[in-house]
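In case it helps, the working numbering puts the sequence shown at residues 3 to 95. Here a beta-carbon is modelled for each residue, glycine too, at the ideal position from N, C-alpha and C. Beneath this line is the structure, given in structure tokens, with notes to follow.
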Amino acid sequence: MAVLKAKVTSKGQITLPKDLRRSLSINTGDRLEFTVSDNNTISIRKQGKPGSSAGCARRYVESGIKGVPMEIMDEGIRRRMLAKHGSGKKAEG
Numbered sequence: 003m004a005v006l007k008a009k010v011t012s013k014g015q016i017t018l019p020k021d022l023r024r025s026l027s028i029n030t031g032d033r034l035e036f037t038v039s040d041n042n043t044i045s046i047r048k049q050g051k052p053g054s055s056a057g058c059a060r061r062y063v064e065s066g067i068k069g070v071p072m073e074i075m076d077e078g079i080r081r082r083m084l085a086k087h088g089s090g091k092k093a094e095g
């Protein structure tokens, strides 16, 4: 694990080292999330863009919502498609 350093300005701002920005693909305008642990360790995470799968999924993972088994999801999708579109078989006649 590399240790990188930054200096806090009089406005309370820091400049992230170039190597860190490059390795995490952090660009101008990106949003970062800071988490402070009980022992004063700070974790920084790049937030997903609004509507991205990473941004959407993180909200559910952090909320503690339990997942649904894939078989149940598949069955729910199958039922919905049947209700919306029918069996897909054409009537003979």
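Report all residues from its chain with a CB closer than 6 Å to the CB of I16; omit the five preceding and five following residues, and keep chain order.
The beta carbon of I16 sits closer than 6 Å to those of A8, V10, all from its chain and outside the five residues before and after it, given in chain order.
So what's L26 in DSSP terms, helix, strand or just coil?
Annotated three-state conformation of L26 is coil, per DSSP.
Where does the unbroken beta strand (DSSP E) through L6 begin, and where does it stop?
Counting along the chain, L6 falls outside any beta strand (DSSP E), and DSSP gives it neither H nor E.
Length of the line joining the Cα atoms of S45 and V38
Taking the straight line joining both Cα atoms gives about 6 Å.
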